[in-house]
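FYI, in the working numbering the residues of the sequence shown are -4 to 183.
Where a beta carbon is used, it is the ideal one built from N, C-alpha and C, also for glycine.
These numbers were taken from a predicted model, which means no experiment stands behind them.
Below: one structure, written as structure tokens.
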Amino acid sequence: MSYFIYPERGVYHLPKKNILVLSCIDLRLTDNLLEFLHFDNLTNRYDHFALAGTSLMTQAENPKLTILLDHAKLESGIKSYKNWNEVWRDHVRIAIALHDIRDVYIIEHEDCGAYQNFLTKEALADGEHSCHVKFSKALAKELHQFQVDDQTTVTLNVHCFLLDLRGNIEHLYSIHDKDLPSLASAKE
Ligand SMILES: [Zn+2]
């Protein structure tokens, strides 16, 4: 039995195949992240990619979200941040090609240094939590119909979560293949 609070059954479709995990690099929560993946019966069934800020910098050029980022600070601190979306997408392609992944878990976390350092004051006025929702949800929507190459699009189920500093998981959003049965409790 886990000590942690996890999403209830039926909130999202549990992955039946391999998955890709995107997380932050934060070292405080590595064990908590693994515990949650094991709870979802994903032991050794995931590729794992980590970016400081999880989804944050993948949306640096999203026309709706770019205004929320402090680009001057980013340019002096993280020179390649505008390429992170492309680097991430390359890894999604690799995970599809090597392991036939069908689901992506985007696991954001509370008290994220990247969110605190690289969002504008105005953006943070709404609170860090609402920023995690905005950025991870935008990335999820972008990944759902994933273009592998000019001829191939793969439908991915994408799930966004927030890990708190005690290791609890909050489900933020999921976007599923439309052929899966609908979930009464799904958040859209
Ligand atoms: Zn972080």
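Could you tell me how far apart the beta carbons of residue i and residue j are, in whole angstroms, since I believe they sit closer than 8 angstroms?
i, j, result
"Tyr110", "Gly162", "Between Gly162 and Tyr110 the Cβ distance is about 19 angstroms, and since that is not below 8 angstroms, they are no contact."
"Leu63", "Thr115", "6 angstroms"
"Ile170", "His139", "5 angstroms"
"Asn13", "Lys68", "About 37 angstroms separates the two Cβ atoms, so there is no contact after all."
"Gly5", "Leu178", "6 angstroms"
"Glu123", "Asp159", "Not confirmed; about 11 angstroms, so no contact."
"Asp42", "Val16", "7 angstroms"
"Arg97", "Pro10", "7 angstroms"
DSSP on residue i, reduced to helix/strand/coil?
i, result
"Cys126", "helix"
"Glu56", "coil"
"Val16", "strand"
"Asp172", "coil"
"Phe113", "helix"
"Ala120", "coil"
"Tyr41", "strand"
"Phe(-1)", "coil"
"Thr61", "helix"
"Ile101", "strand"
"Ile91", "helix"
"Val6", "coil"
"Asn152", "strand"
"Leu46", "coil"
What does a CB cutoff of less than 7 angstroms around residue i pick up in its chain, not counting 5 residues either side in sequence?
i, result
"Leu134", "Ser50, Thr53, Gln54, Ile101"
"Arg40", "Asn13, Ile14"
"Ala90", "Leu15, Asp42, Ile96"
Nearest CA to the CA of residue i: which residue from the options?
i, options, result
"Lys173", "Tyr(-2), Ser125, Thr150, Phe113", "Thr150"
"Pro176", "Leu160, Tyr1, His8", "His8"
"Ala205", "Glu81, Lys59, Tyr76", "With the chain running from -4 to 183 in the structure shown, residue 205 is simply not present."
"Ala92", "Asp26, Phe141, Asp21", "Phe141"
"Thr61", "Ala120, Lys129, Leu37", "Lys129"
Tell me which residues share the same chain as residue i and place their Cβ nearer than 6 angstroms to its Cβ, disregarding the 5 neighbours each side in the sequence.
i, result
"Glu103", "Thr49, His127, Ser131, Leu157"
"Ser125", "none"
"Trp83", "Thr53"
Tell me whether the beta-carbon of residue i lies closer than 7 angstroms to the beta-carbon of residue j.
i, j, result
"Cys19", "Cys155", "no"
"Trp79", "Leu46", "yes"
"Val99", "Val153", "yes"
"Phe44", "His86", "yes"
"Ile164", "Tyr(-2)", "no"
Who are the Cβ neighbours of residue i in its own chain at under 8 angstroms, not counting the five residues just before and after it?
i, result
"Glu56", "Lys77, Asn80"
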